[in-house]
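Presented below is the structure to which this report refers.
2 protein chains.
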Amino acid sequence: MKITLSHGAGGAQTQKLIGEFLKLIKNRQVEGGIGLDDLDDCGTIPYQGGQIVFTTDGHTVDPLFFPGGDIGRLSVAGTVNDLTMMGSKAVALSLALVIEEGLEAEILERVFQSINSTCQEAGVAIIAGDTKVVERGAVDKLIITTAGVGLTERVVRDNGVQPGDKIIISGDIGNHGVALLSQREGYDFQTTLESDVAPLNKMLEPVWQLRVHAAKDPTRGGIAMVLNEMAEKSGVNIILAEEKIPLHPEVKGACEMLGLDPFTLANEGKVVMAVHPEDAEEVLKILQQHPYGKKAVICGEALVVEEKKSPKVLVQTDFGKRVVRPPLGEIVPRIC
Amino acid sequence: MKITLSHGAGGAQTQKLIGEFLKLIKNRQVEGGIGLDDLDDCGTIPYQGGQIVFTTDGHTVDPLFFPGGDIGRLSVAGTVNDLTMMGSKAVALSLALVIEEGLEAEILERVFQSINSTCQEAGVAIIAGDTKVVERGAVDKLIITTAGVGLTERVVRDNGVQPGDKIIISGDIGNHGVALLSQREGYDFQTTLESDVAPLNKMLEPVWQLRVHAAKDPTRGGIAMVLNEMAEKSGVNIILAEEKIPLHPEVKGACEMLGLDPFTLANEGKVVMAVHPEDAEEVLKILQQHPYGKKAVICGEALVVEEKKSPKVLVQTDFGKRVVRPPLGEIVPRIC
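Chains as they are written, first to last, in our numbering: chain A, 1 to 336; chain B, 337 to 672.
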């Protein structure tokens, strides 16, 4: 059998297969820490009374530069956001570049400038790096793999949602997905939309003192993916009010035109949180004061799962409730 | 200007250029820690009285399976060894795979089995991971980027060599480089030689209590590279006795036949150390008791640099002394 990228059955089978192979790894966690089986945004290592939070992400994006961002900003923000979703303070990143021979040096220079400005914005340092130049045709221009270390004394998990919690989304969904699609050959539509790619650590720093029970950043698979993960792991239902979910008119238009579901589109600068109902308004206020959270909303809540039923995510529309399922396979290949 | 992989001037120019771009990164260290400017094997993050040691490495190797190892073992051992060279206990790794569509699932399964067995041998856990499947032609089969976290209360640097220190090498040099070369098209020679790829953390655990002043693993660029780095950063000369340096007859033969310098060939399971003269014999004994250090030797020492001279590495041969220079550009592309 061959590994495949394709949508539908083939792609899902490949994902399942890689999941099976990952099970071959016997050492899956550090004692007392979060590991592979937790399928959270990061792993953790208990140390000297605190927790070291650790994650990695490989970035391949086509095109390398897109409206609102580029592979450099994406690489830094992606890893900073994963560290942040665990309630930790992101402190240091590593950068591993695989560069295809023949890449214009000027492109690499622009990517480094973007990495630098995003690191400065997020207040994180690059403290380890590696560069490999490979033969022409061996990679598609440039692959950046970042790993990161965050520190915290209290880890926020994605499985801590409690019935009654309010669901908060920090702004418009799907902008990254649509901005990228608009750049692809074969998707012939015009948009002024920009990717939301941004590091969220500074915006979220004050909220970790409040009762945030779960947090995730809805990248690949969109809010459909992360809400289902949160519901399933926490053993709750999540119900959303469709009319409250912030959607840019151009995302709405593109989704209607192309038959896409905005709930499954990627974001690179959004957070989905479950917050104790008494703290929800305060969290909302903190987000709305920050440029990246101006359009933050409370758009749903967590409910007890009915006896003998499985946790699910529902959305209340004008025509009744519908179930929001996690997307199968790749929705839009290689956008984050 | 385009990025190039080629030997000589082009390759050196590309390396210089990437170095220049790296300088664009302003946040280069965590306060009080080791960062990019130190050009050591890892960065460090001070935390709660201890040090978190952090590193990354991208692995592309052709072929994926070679005599004595494969890309999976190489990825784990490479990162474990970098963490180990800082005197830290390697505890956790992350794994980021970029897989080319069309790769046979069976190959991936074998790689995961190898990752698992090497992790078990080294006693480290994989606690974070990421997998991207990319279009055919976008990468050459498989790229594995590992990052790692180690913990220590005392960091061993590569700049701590003192005049009088004994130089220890843990065994035969160049085996990895020659084993890989023998598999390449265009290098038509037969050998039974295997790569030395191995995690060295268990062997080295007991030596960190002794006065080890500097340690490095001589991968790309071989012992010529690491000894020059150690000499230059520490401000000492290093003089080696050529006849003491362990060399497998097949490496010697291949080097003579192909005009290669074994000092510049890659290793993946060796350590070069500078040790206080009173502790050198004890360190040697510890290494020799371990399967990976059976052929360990004391093969040189560090000396004071003459006034107004630069630090250098010399080797005493039957015909006098010669200077050992660090290799320029890529010696043998893509072997680690």
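All C-beta atoms, glycine included, are put in the ideal place defined by N, C-alpha and C.
Checklist entry - Are the C-beta of G58(A) and some C-beta of chain B separated by less than 8 Å? => result yes
Item to check | At least 3 beta-carbon pairs within less than 8 Å: the stretch 607–619 of chain B vs the stretch 499–507 of chain B | outcome: yes
Checklist entry - Sorted by chain position, which residues of the same chain lie with C-beta nearer than 6 Å to V514(B)'s C-beta, five sequence neighbours on each side aside? => result L529, V587, A590
Checklist entry - Who are Q387(B)'s beta bridge partners in DSSP? => result P382(B), T488(B)
Checklist entry - On the three-state DSSP scale, how would you describe G343(A)? => result In this structure chain A extends from 1 to 336, so residue 343(A) is not present and cannot be described.
Checklist entry - Which residue comes first and which comes last in the beta strand (DSSP E) that contains N417(B)? => result Run containing N417(B): none in the beta strand (DSSP E); it sits in the alpha helix (DSSP H), 407–421.
Checklist entry - Would G102(A) pass as a contact of R154(A) if the rule is Cβ separation under 8 Å? => result no
Checklist entry - Just to confirm, are T392(B) and D130(A) a CB contact at a threshold of 8 Å? => result yes
Checklist entry - Hey, does A105(A) have any beta-carbon neighbour from chain B nearer than 8 Å? => result yes
Checklist entry - Excluding sequence positions up to five away, which residues of its chain have a Cβ less than 7 Å from the Cβ of H213(A)? => result G160, V161, Q162, D165, A274, V275, H276
Checklist entry - When the Cβ atoms of the stretch 353–373 of chain B are set against those of the stretch 434–449 of chain B, are three or more pairs found closer than 8 Å? => result no
Next on the checklist: Quick check on the DSSP output: what are the complete beta strand (DSSP E) runs of length 3 or more inside the stretch 232–288 of chain A, in order along the chain?
Outcome noted: 236–241, 272–275
Next on the checklist: Our contact map puts V98(A) next to I479(B) with C-beta atoms below 8 Å; I'd like the distance itself, whole angstroms only.
Outcome noted: 6 Å
Item to check | Burial state of K352(B), where buried means 16 or more other Cβ atoms lie within 10 Å | outcome: exposed
Checklist entry - What number of angstroms, rounded off, separates the C-alpha of F341(A) from the C-alpha of N237(A)? => result Any property of residue 341(A) remains undetermined from this structure, which presents chain A solely from 1 to 336.
Checklist entry - Is the stretch 289–297 of chain A touching the stretch 214–231 of chain A, taking contact as three or more C-beta pairs under 8 Å? => result no
Item to check | Within chain B, the residues that F112(A) reaches when beta carbons sit closer than 8 Å | outcome: F357, L358, L360, I361
Checklist entry - Closest to A413(B) by CA distance: which of K644(B), R661(B), S453(B) is it? => result S453(B)
Item to check | Within 8 Å, strictly: CB atoms of L151(A) and Y383(B) | outcome: yes
Checklist entry - Nearest to I126(A) by alpha carbon, out of V133(A), A96(A), V134(A)? => result A96(A)
Next on the checklist: Distance check for M85(A) and I157(A), CA to CA, integer angstroms please.
Outcome noted: The sequence as given places Arg at residue 157(A); Ile does not occur at that position. Their backbone Cα atoms lie some 8 Å apart in a straight line.
Next on the checklist: Please list, in chain order, the residues of the stretch 125–157 of chain A that have any C-beta partner in chain B closer than 7 Å.
Outcome noted: A125, I126, I127, A128, G129, D130, T131, K132, V133, V134, E135, G137, A138, V139, D140, I143, T145, A147, V149, L151
Next on the checklist: Check whether chain B comes within 8 Å of L180(A), counting only Cβ atoms and requiring the distance to be less than that.
Outcome noted: no
Checklist entry - By Cβ distance, which residues of its chain are closer than 6 Å to N417(B), with the 5 residues on each side in sequence left out? => result L536, D553
Item to check | Spatially closest choice to K2(A) from C378(B), E436(B), R661(B), by CA coordinates | outcome: E436(B)
Next on the checklist: I'd like to know whether the C-beta atoms of C635(B) and K569(B) end up nearer to each other than 8 Å.
Outcome noted: no
Item to check | Nearest-angstrom beta carbon gap, D196(A) and N267(A) [assumed within contact, 8 Å] | outcome: 6 Å
Checklist entry - On the three-state DSSP scale, how would you describe G129(A)? => result strand
Checklist entry - Taking the Cβ atom as the reference point for each residue, do F54(A) and A464(B) lie within a distance shorter than 8 Å? => result yes
Next on the checklist: Suppose the cutoff is 8 Å on Cβ atoms and the five residues either side in sequence are ignored; what does the same chain contact list for L247(A) look like?
Outcome noted: D172, I173, G174, P262
Next on the checklist: Which of the three DSSP states is assigned to Q316(A) in this structure?
Outcome noted: strand
Checklist entry - Under 8 Å, do G484(B) and L429(B) count as touching if we go by C-beta distance? => result yes
Item to check | Sequence-distant residues of the same chain with beta carbon closer than 7 Å to E121(A), five excluded per side | outcome: P199
Item to check | Closest residue to H176(A) among G49(A), G19(A), D62(A), N27(A) (Cα-Cα distance) | outcome: D62(A)
Checklist entry - Of all the CB atoms in chain B, is at least one closer than 8 Å to the CB of F65(A)? => result no
Checklist entry - Between which two residues does the alpha helix (DSSP H) containing V447(B) stretch? => result 441–458
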